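What follows is a single structure, written as structure tokens, with notes after it.
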Amino acid sequence: MSRPRLMRLLLIASQNPGKIREVRELLASLAWGIVSLERFPDVKLPPETGETFAENAVRKAIAAMEATGLPSLADDSGLVVPALGGRPGVRSARYAGEGADDAANVAKLLAEMRGVADRRAYFVSVVAFAAPGEPVQTFEGRLEGVITEEPRGTGGFGYDPVFYVPDLGKTLAEVPLEVKNAISHRGQALRAFVDYLKRRIAEEPPEA
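Next up, the structure:
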């Protein structure tokens, strides 16, 4: 039995301008219309209270899909620092407190890392895709790096200015978006999603 056709409009379940810009860039090859929550200002996503990135991503994707009826893509991502016991982890976006901005989160991280010799870290991204009548799919990416002692670069967002990638010899904030997307944790997860979607579309019944 063939699977039902997917609606060719994808909702990015996010209100983060930097994240939306990255996702649009990475999904540019899809012949789909792509919208964000800017078109649905009344849709409220559930708080990120899950214990894992996957749990948070799935909750947001389902909530957006149920509120709009559109296939929805959500992600939860964050920075994991082993020397800090895995922090900031799932609290990366609010590490310095609810409503904290990127600068405050980075400042708290650098303060906690002062004098710490082991500065290894990695970014994790889990992308969840929810479509009406379909099981939720998840995709994960991971990028290894090192925490710098001070911010470097003006691009990117979040912890990018203090996340140094040895293979690049730069922080993520010092490279163009296309370079970041080629290696980033979110880029890895989204490329896996695109591969899944292409396979999924190939299984659809032909147009009547």
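Residue numbers for the sequence shown follow our numbering, beginning at 1327 and rising by one. All residues carry an ideal CB built from backbone N, CA and C; glycine is no exception. Quick caveat: nothing in here was measured; it's all calculated off a predicted structure.
- Message: Using CA atoms only, rank isn't needed, just tell me which of 1459, 1488, 1467, 1350 is closest to residue 1511.
- Response: In this structure, 1467 is the residue among 1459, 1488, 1467, 1350 with its C-alpha nearest to the C-alpha of residue 1511.
- On a CA-only basis, which of 1340, 1518, 1425, 1420 is nearest residue 1367? Give me that one, please. 1340
- Same chain only: Cβ atoms within 6 Å of residue 1439, ignoring 5 sequence neighbours per side: 1473
- Mind reading off the beta-carbon distance from residue 1390 to residue 1337? Whole number of angstroms is fine, and I expect it under 8 Å. Between residue 1390 and residue 1337 the beta-carbon gap is near 6 Å, inside 8 Å, which marks them as a contact.
- Under the three-state reduction of DSSP, which class applies to residue 1451: helix, strand or coil? strand
- Message: For residue 1430, which residues in the same chain have their Cβ closer than 6 Å to its Cβ, ignoring the five residues on either side in sequence?
- Response: 1422
- Item | Length of the line joining the Cα atoms of residue 1357 and residue 1335 | 9 Å
- Query: Taking just the CA atoms, how far does residue 1486 sit from residue 1405?
  - Reply: When rounded, the distance between both Cα atoms is 10 Å.
- Query: Roughly how many angstroms separate the alpha carbons of residue 1455 and residue 1446, rounded to a whole number?
  - Reply: 30 Å
- Task: Just the C-alpha distance for residue 1346 and residue 1451, rounded to the nearest angstrom, thanks.
- Result: Rounded to whole angstroms, residue 1346 to residue 1451 spans 14 Å at the Cα level.
- Between which two residues does the beta strand (DSSP E) carrying residue 1463 extend? 1463-1473
- Query: Where does residue 1485 sit, in a helix, a strand or coil, going by DSSP?
  - Reply: coil
- Measuring alpha carbon to alpha carbon, tell me which of 1457, 1507, 1495, 1480 ends up nearest residue 1388. 1457
- Which class does residue 1394 belong to by DSSP, given the choice of helix, strand or coil? helix
- Reduced DSSP category for residue 1402 - H, G, I as helix; E, B as strand; rest coil: strand
- What's the gap between the Cα of residue 1462 and the Cα of residue 1409? 33 Å
- residue 1420, DSSP secondary structure in three states: helix
- In angstroms, rounded to a whole number, what distance separates the CA positions of residue 1413 and residue 1530? In a straight line, the C-alpha of residue 1413 is about 42 Å away from that of residue 1530.
- Message: Quick check on residue 1427: buried or exposed, where buried means 16 or more other Cβ atoms within 10 Å of its Cβ?
- Response: exposed
- Query: Where does the unbroken beta strand (DSSP E) through residue 1359 begin, and where does it stop?
  - Reply: 1359-1362
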